[in-house]
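Trainee: The following block contains the structure, expressed as structure tokens.
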Amino acid sequence: MNLPSPGLPDFDYVSADTSDEVVSLLLKYPNDARLFMGGTDIFLHMRDRLVTPKLLVDVKHLPGMTSIDFDPKSGLRLGAAATLNMIARHQAVVKYYSLLAEAIDAFGMYQLRNRATIGGNLCNASPCADTGPIALVYEASLLAIGPKGERTIPAAEFFLGPGKNALDEGEFLMRIDFPTPPKGCAGRYLKLGRNSAGDLALVSAAVMAYPDESVKSSYSFRLALASVAPTPIRVPAAEAILARDPLTDETIELAANEAEATSRPIDDIRASAHYRKAMVKALTRRGILEVRTMLEKEG
Ligand SMILES: Cc1cc2nc3c(=O)[nH]c(=O)nc-3n(C[C@H](O)[C@H](O)[C@H](O)COP(=O)(O)OP(=O)(O)OC[C@H]3O[C@@H](n4cnc5c(N)ncnc54)[C@H](O)[C@@H]3O)c2cc1C
Numbered sequence: 017m018n019l020p021s022p023g024l025p026d027f028d029y030v031s032a033d034t035s036d037e038v039v040s041l042l043l044k045y046p047n048d049a050r051l052f053m054g055g056t057d058i059f060l061h062m063r064d065r066l067v068t069p070k071l072l073v074d075v076k077h078l079p080g081m082t083s084i085d086f087d088p089k090s091g092l093r094l095g096a097a098a099t100l101n102m103i104a105r106h107q108a109v110v111k112y113y114s115l116l117a118e119a120i121d122a123f124g125m126y127q128l129r130n131r132a133t134i135g136g137n138l139c140n141a142s143p144c145a146d147t148g149p150i151a152l153v154y155e156a157s158l159l160a161i162g163p164k165g166e167r168t169i170p171a172a173e174f175f176l177g178p179g180k181n182a183l184d185e186g187e188f189l190m191r192i193d194f195p196t197p198p199k200g201c202a203g204r205y206l207k208l209g210r211n212s213a214g215d216l217a218l219v220s221a222a223v224m225a226y227p228d229e230s231v232k233s234s235y236s237f238r239l240a241l242a243s244v245a246p247t248p249i250r251v252p253a254a255e256a257i258l259a260r261d262p263l264t265d266e267t268i269e270l271a272a273n274e275a276e277a278t279s280r281p282i283d284d285i286r287a288s289a290h291y292r293k294a295m296v297k298a299l300t301r302r303g304i305l306e307v308r309t310m311l312e313k314e315g
């Protein structure tokens with residue numbers, strides 16, 4: 017058994033003032049420098065000697081890193097180091113991005129959310145990260161800064177595997193952009209942990225839908241799952257069923273079956289793959305039913 021080691025290994029700390037400084041430190045020390053914002057992932061990894069960086073580069077004080085801006089036309093722009101509590105209490109998030117607020121509400125505990133950042137959660141690229149499926153259903157994009165300048169990465173291309181993201185050598189995450197949600201959009205984020213006191217997700221499902229006259233059912237759905245594959249995943253086959261057929265209980269059952277079939281969970285210390293699959297189906301079904309009720313009330 018891997019017992020936690022006492023304390024952190026020795027390291028140097030730099031609080032970066034400019035993007036250029038961050039990029040040049042990452043290029044100069046590719047194996048020894050790691051980025052740092054809230055530290056709620058990296059310090060645990062260091063404590064457990066999973067990583068032993070000689071240099072931590074603090075990027076949260078760079079200009080714009082904690083800003084939160086909303087424009088009804090272009091949407092929400094979140095600095096990568098905006099903390100989860102800053103985001104959840106922002107008026108525009110409460111009003112227009114309720115799925116994001118709901119996911120943050122289900123995330124750890126209040127004290128942690130004062131420290132944990134959205135960028136750290138995405139960059140850590142854990143399959144169970146709560147903001148992963150949210151970035152997928154809102155079709156967010158991530159702004160990276162690196163040796164060649166700025167680059168935008170769609171959320172759908174950002175997660176490459178457990179702990180692996182699409183940032184190249186010398187790049188760091190600066191901002192996450194959430195487009196304006198479709199008109200009339202409703203959503204639910206359902207998360208199952210081992211307890212209700214802020215555990216990591218065993219399974220979670222983000223369900224978003226909005227009226228859409230261009231599809232037969234009159235509603236377009238976006239579904240994403242976490243903790244049941246090496247990365248957060250969308251479920252396009254279930255979304256296609258919900259666009260094609262009237263939103264009856266049978267259609268919803270078919271879509272939930274498809275979500276279960278698409279998921280690829282593993283057995284681990286927190287739950288069996290078998291249980292996780294059953295819960296994918298249950299959470300997806302419940303999420304769609306609840307969103308259907310929300311849409312009917314609106315309509
Ligand atoms: C008690 C506890 C409960 C938790 N509960 C949850 C939970 O319910 N749901 C959940 O999803 N997570 C949970 N977490 C995990 C963690 O809190 C989150 O992933 C958090 O959002 C990470 O943000 P941070 O700012 O602390 O990241 P950091 O630890 O600072 O960084 C995380 C990773 O991203 C890298 N990084 C940091 N900044 C950048 C950047 N700008 N560009 C590129 N890479 C960067 C770091 O090098 C590191 O690898 C929990 C953690 C703890 C300790």
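Note that this note's numbering has the sequence shown beginning at 17, numbered continuously upward.
Virtual Cβ for every residue (Gly too), placed ideally from N, Cα, C.
What you are looking at is a predicted structure, and each value in this text was computed from that prediction instead of being measured.
#1: How many Å lie between R50 and L270 at the Cα?
#2: Just the C-alpha distance for V30 and V39, rounded to the nearest angstrom, thanks.
#3: Between the alpha carbons of L176 and T267, how many angstroms are there, rounded?
#4: Considering just the uninterrupted stretch of the alpha helix (DSSP H) at K89, what are its terminal residues?
#5: Residues in its own chain within less than 6 Å of P198 by CB, not counting five upstream and five downstream?
#6: Should P149 and P178 be called a contact, given that it needs their Cβ atoms to be closer than 8 Å?
#7: Mark V67 as exposed unless 16 or more other C-beta atoms lie within 10 angstroms of its C-beta, in which case mark it buried.
#8: Whose C-alpha, out of P88, D228, A221 and N101, is nearest the C-alpha of K293?
#9: What are the complete beta strand (DSSP E) segments, minimum 3 residues, inside the stretch 141–205?
#10: Tell me whether T68, by its Cβ, gets closer than 7 Å to a heavy atom of ligand 1.
#11: When the Cα atoms are used, what is the spatial distance from P88 to T196?
#12: For the candidate residues D261, K180, R286 and R308, whose alpha-carbon lies nearest to that of V223?
#13: Mind checking whether the beta-carbon of T56 lies closer than 7 Å to any heavy atom of ligand 1?
#14: Around the C-beta of I326, are 16 or more other C-beta atoms found within 10 angstroms, so that it is buried, or is it exposed?
#15: Can you look up F27 in the DSSP assignment and give me helix, strand or coil?
#16: Taking only runs that begin and end inside the stretch 221–278, name each unbroken beta strand (DSSP E) of 3 or more residues, in chain order.
#17: Could you tell me which of C201, I58 and L41 sits nearest to N140, measuring between CA atoms?
#18: Compute the beta-carbon to beta-carbon distance between G136 and G54, rounded to the nearest angstrom, for a pair I have assumed lies under 8 Å.
#19: Hey, is D48 close to ligand 1, as in C-beta under 7 Å from one of its heavy atoms?
#20: Shorter than 7 Å, the distance from the beta carbon of R131 to the closest heavy atom of ligand 1, or not?
#21: Is G55 close to chain D, meaning its C-beta is less than 8 Å from at least one C-beta of that chain?
#22: Mind checking whether M295 and L239 have CB atoms under 8 Å apart?
#23: Kindly identify the DSSP beta-bridge partner or partners of K207.
#24: Could you tell me which residues DSSP puts in a beta bridge with G124?
#25: Could you pull the DSSP bridge partners for D284 from this structure?
#26: Could you check whether L72 and G186 sit closer than 8 Å to each other, using their CB atoms as the reference points?
#27: Should L158 and E166 be called a contact, given that it needs their Cβ atoms to be closer than 8 Å?
#28: What residue does the beta strand (DSSP E) around L71 start on, and which one ends it?
Mentor: The answer reads as follows:
#1: Their Cα atoms are separated by approximately 45 Å.
#2: If you draw a straight line from the Cα of V30 to the Cα of V39, it comes to about 13 Å.
#3: Pairing L176 with T267, the inter-Cα distance amounts to about 31 Å.
#4: No alpha helix (DSSP H) holds K89; DSSP gives it neither H nor E.
#5: When the five nearest sequence neighbours on each side are left out, the beta carbons in the same chain lying within less than 6 Å of the beta carbon of P198 are those of Y226, in order along the chain.
#6: No, Cβ-Cβ distance for P149 and P178 is not below 8 Å.
#7: Burial call: exposed.
#8: Looking at the Cα atoms, A221 is the closest of the given residues.
#9: Runs of the beta strand (DSSP E) inside the stretch 141–205: 157–162, 165–170, 175–177 and 188–194.
#10: Answer for T68: no, Cβ out of range of ligand 1.
#11: If you take the alpha carbons of P88 and T196, they lie about 6 Å apart.
#12: Between V223 and the set D261, K180, R286 and R308, the nearest pair of CA atoms involves R308.
#13: Checking every heavy atom of ligand 1 against the Cβ of T56, one is found closer than 7 Å.
#14: Missing from the structure shown is residue 326; the chain here goes from 17 to 315 and no further.
#15: Here F27 carries a coil assignment [DSSP, helix/strand/coil].
#16: If we require 3 residues or more, the beta strand (DSSP E) runs fully inside the stretch 221–278 come out as 235–242.
#17: Answer by Cα proximity: I58.
#18: G136 to G54, Cβ: 5 Å. Contact.
#19: The answer is no for D48.
#20: Within the cutoff, so yes.
#21: The structure shown contains no chain D, having only a single protein chain.
#22: Judged by their CB atoms, M295 and L239 are not nearer to each other than the 8 Å cut-off.
#23: Per DSSP, the beta bridge partners of K207 are S220.
#24: Paired residue(s): none; G124 is not in a bridge.
#25: BP columns for D284 point to A287.
#26: The beta carbons of G186 and L72 sit no closer together than 8 Å.
#27: No, the pair does not count as a contact, with Cβ atoms beyond the cut-off.
#28: Run containing L71: L71 to D74, per the beta strand (DSSP E) assignment.
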